Amino acid sequence: MAQNKRVAIIGGGIAGLSAAYKFQEEITANQLPIECTVLEGSDWFGGKLRTDRFDGFVVERGPDSFISQKPWAIDLCKRLGIEDRLVGTKTENSKTFVYVDKKMQTMPEGLSLLVPTKFLPFATTSLFSWFGKIRMGMDLFIPKKRNKEDESLASFVERRLGNEALKRMAEPMLAGIYASDPKKMSIKSTFPMFFETEQKYRSLILGMLAKKREMMSAPKRGPARPAYSMFMTLKSGLGEIVETILEKSPDINFKSGVKISSVSSENSNGEVKWKVIPEEGDPLSFDAVILAPPANITANLLDDCAPDLSNLLRKIPYVSTAAVTLAYRKEGFSHPLKGFGFLAPKSEGFNISACTWTSSKYPGRAPDDFVLLRCYLGGALSEELTEREPDALATLVQEDLRAIMGITEKPVFCRVYINKKANVQYLVGHQKVIESINEQVDKFPGLFLSGSAYTGIGIPDCIRNGNVAAEATLKFLFP
Ligand SMILES: Cc1cc2nc3c(=O)[nH]c(=O)nc-3n(C[C@H](O)[C@H](O)[C@H](O)COP(=O)(O)OP(=O)(O)OC[C@H]3O[C@@H](n4cnc5c(N)ncnc54)[C@H](O)[C@@H]3O)c2cc1C
38 MAQNKRVAII GGGIAGLSAA YKFQEEITAN QLPIECTVLE GSDWFGGKLR
88 TDRFDGFVVE RGPDSFISQK PWAIDLCKRL GIEDRLVGTK TENSKTFVYV
138 DKKMQTMPEG LSLLVPTKFL PFATTSLFSW FGKIRMGMDL FIPKKRNKED
188 ESLASFVERR LGNEALKRMA EPMLAGIYAS DPKKMSIKST FPMFFETEQK
238 YRSLILGMLA KKREMMSAPK RGPARPAYSM FMTLKSGLGE IVETILEKSP
288 DINFKSGVKI SSVSSENSNG EVKWKVIPEE GDPLSFDAVI LAPPANITAN
338 LLDDCAPDLS NLLRKIPYVS TAAVTLAYRK EGFSHPLKGF GFLAPKSEGF
388 NISACTWTSS KYPGRAPDDF VLLRCYLGGA LSEELTEREP DALATLVQED
438 LRAIMGITEK PVFCRVYINK KANVQYLVGH QKVIESINEQ VDKFPGLFLS
488 GSAYTGIGIP DCIRNGNVAA EATLKFLFP
């Protein structure tokens with residue numbers, strides 16, 4: 038009988054777990070002889086994706102939702118049989134605000150991320166001055182950029198839509214998603230669709246309108262799909278995905294508390310084997326390895342075996358962020374919370390960059406007689422804040438909420454989660470770094486990389502990326 042092929046997945050974040058579940062599916066469907074072990078350094082699985090549940094509250098430490106336009110997270114939930122656990126954002130009061138000039142300004146309807154696609158809400162919004170609006174409208178006439186080199190997001194948005202669009206919309210919106218400095222972020226790696234739209238249609242506004250028309254006139258194929266809201270989560274939080282993968286993967290060995298210190302290849306009787314050395318315990322041997330920790334840690338693991346690859350991996354930086362969740366009694370709460378929350382541009386001088394009105398945005402996050410808010414701090418534009426003690430951050434957040442929303446009540450609880458060097462940064466030139474990384478990885482048969490560092494930071498991209506790593510591993514092991 039053929040010997041089982043042994044695979045190690047190092048890192049049990051969502052990327053590593055998605056790869057593991059792919060192996061489980063192959064084992065179930067095709068009885069493939071694989072022995073897969075997930076080696077996770079911490080005491081829990083899920084990595085950044087971690088949900089706390091207590092007293093009827095659902096509090097996310099890291100991500101709180103995922104975008105439904107990218108299909109891989111919803112697809113995984115379907116494969117796991119938890120599609121009925123998916124929940125979208127609430128339909129009532131779906132406005133988002135931007136706090137500028139000491140006022141909550143409604144984000145105009147019809148914005149396709151950054152690009153206005155509806156005239157009236159855009160013309161009547163007080164978020165932008167008339168000069169700002171005219172400048173954004175000039176996108177209709179500005180020629181496309183000739184060279185196709187990567188560019189910073191700030192330069193791209195300023196060139197096409199002007200400085201007001203950058204400061205009042207793009208910067209705060211993207212600070213929330215990428216925790217990045219728009220002056221350093223790569224447009225090609227973060228918003229390739231904007232880069233491509235400019236190249237194809239010249240104008241972003243014309244391009245977005247053309248895409249909208251195409252979608253509306255496209256013949257409907259297959260049965261109607263359920264309508265998902267732009268952001269989705271699960272009834273008991275994103276942690277449900279992690280828990281279900283663990284529960285529904287009986288043939289995978291999940292080992293937590295096993296921190297790996299080095300990975301190298303060795304030749305054993307003409308066959309390449311991967312030697313995985315834990316910080317404690319004996320070395321382990323595998324036919325293939327998927328490395329799914331953050332890139333800087335993967336670099337450390339490969340230092341001895343692949344120094345060139347390690348050096349490239351170290352070019353991908355990370356920044357620290359903090360998320361502060363506060364609960365208040367609903368009775369007597371001084372703010373109506375009619376909306377999903379607000380962004381606070383850096384130019385307004387607050388410590389928080391955004392606040393989600395969690396209990397207004399998602400169902401089931403707090404018991405009926407409480408409200409839940411979540412504030413964001415840190416990131417590339419104010420990383421120093423994350424050096425402060427949790428109590429100091431809690432105070433700063435409450436001061437900002439008092440100034441912006443007039444909240445003077447004492448929270449029932451305030452949970453501060455500091456995510457040190459947790460948010461990967463796709464800098465200008467990121468794609469080229471990834472191409473060089475891929476060239477190096479190809480030199481090591483049986484070595485695969487996965488995770489948010491490479492081709493997409495969001496949960497759907499990490500899931501896609503875990504699937505791709507598992508498929509490539511299967512192809513390598515069973516050519
Ligand atoms: C605060 C925050 C908010 C976010 N919000 C959103 C959001 O709302 N929506 C969204 O789509 N995305 C969001 N993201 C992004 C998304 O959550 C991450 O990109 C994604 O979870 C990363 O998954 P991963 O598997 O690549 O890495 P990780 O989650 O970092 O997993 C890597 C794992 O490797 C383990 N590990 C590290 N070193 C070792 C070692 N030596 N040996 C063994 N194991 C090791 C770690 O313990 C960890 O479990 C957010 C990220 C952060 C930090």
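Numbering-wise, the numbering used here puts 134 at position 97 of the sequence shown, and it's gapless, one number per residue. Virtual Cβ for every residue (Gly too), placed ideally from N, Cα, C. Bear in mind that the values here come from a model prediction, so they are computed numbers and not experimental data.
Asked	Found
Glu-62 - containing alpha helix (DSSP H), residue span	51-67
Unbroken alpha helix (DSSP H) run spanning Met-253, endpoints	241-254
Spatial distance of Glu-315 from Cys-342 (CA atoms)	A small fix is needed here, since residue 315 is Pro in this sequence, not Glu. Each residue's alpha carbon lies about 16 Å from the other.
Beta carbon of Ala-160 nearer than 9 Å to that of Gly-416	no
Nearest-angstrom beta carbon gap, Gly-84 and Ile-51 [assumed within contact, 8 Å]	6 Å
Pro-108 to Lys-512 span [Cα, whole Å]	23 Å
Three-state class that DSSP yields for Asp-428 in the structure shown	helix
Cβ-heavy atom distance, Pro-219 to ligand 1, below 8 Å	no
Residues near Val-461 by beta carbon distance below 8 Å, same chain, minus five either side	Pro-331, Ala-332, Ile-353, Pro-354, Tyr-355, Ser-489, Ala-490 and Ile-494
Contacting residues, own chain, Cβ-Cβ under 7 Å from Pro-100 (five flanking each side not counted)	Lys-85, Leu-86, Leu-275 and Ile-496
Local conformation of Ile-224 per DSSP, three classes	helix
Any non-hydrogen atom of ligand 2 closer than 8 Å to Pro-100 Cβ	By its list of ligands, the structure shown excludes ligand 2, since it contains just ligand 1.
Sufficient close CB pairs (3 or more, under 8 Å) joining the segment 441-460 to the segment 408-428	yes
CB contact flag (Tyr-413, Ala-359, <9 Å)	yes
Cutoff 6 Å; reference Ile-471; Cβ partners in own chain excluding five residues on either side	Tyr-491
Which residues DSSP lists as bridging Tyr-365, in chain order	Val-408
Cβ pair count under 8 Å reaching 3, the segment 124-144 against the segment 226-244	no
Helix, strand or coil at Val-449 [DSSP, three-state]	coil
Exposed unless 16 or more other CB atoms sit within 10 angstroms - verdict on Glu-235	buried
Distance cut-off 8 Å: Thr-358 Cβ against heavy atoms of ligand 1	yes
One or two residues paired with Glu-308 in a DSSP bridge	Ser-305
Check: Asn-504 C-beta below 8 Å from any heavy atom of ligand 1	no
Ligand 1 heavy atom lying under 8 Å from the CB of Lys-85	yes
Ile-47: CB within 8 Å of a non-hydrogen atom of ligand 1	yes
Inter-residue spacing [alpha-carbon to alpha-carbon] between Ile-104 and Leu-211	14 Å
Same chain, Cβ closer than 8 Å to Lys-469, five either side skipped, listed in chain order	Asp-187
Stretch-stretch touch, CB-based, cutoff 8 Å, three pairs: the segment 183-202 with the segment 366-379	no
Expected contact under 8 Å - CB spacing of Thr-423 and Ile-455 to nearest Å	5 Å
Separation of Phe-94 from Glu-62, as counted between CA atoms	33 Å
Neighbourhood of Gly-466 by C-beta distance below 7 Å, restricted to the same chain and skipping five residues each side	Asp-187 and Ser-223
Option in Val-478, Ser-357 and Ser-487 with minimal Cα separation from Lys-457	Ser-357
Whole-angstrom distance between Gly-213 and Asp-437, CA atom to CA atom	17 Å
Rounded separation between Arg-90 and Tyr-238 - CA only	47 Å
Contact check, Ala-539 vs Pro-219, beta carbons under 9 Å	Residue 539 lies beyond the range of the chain shown here (38 to 516); nothing can be said about it.
Residues near Ser-396 in its chain [Cβ-Cβ closer than 6 Å; skip 5 each side]	Arg-402, Ala-403, Val-408 and Leu-409
Under the three-state DSSP convention, the category Gly-93 falls into	coil
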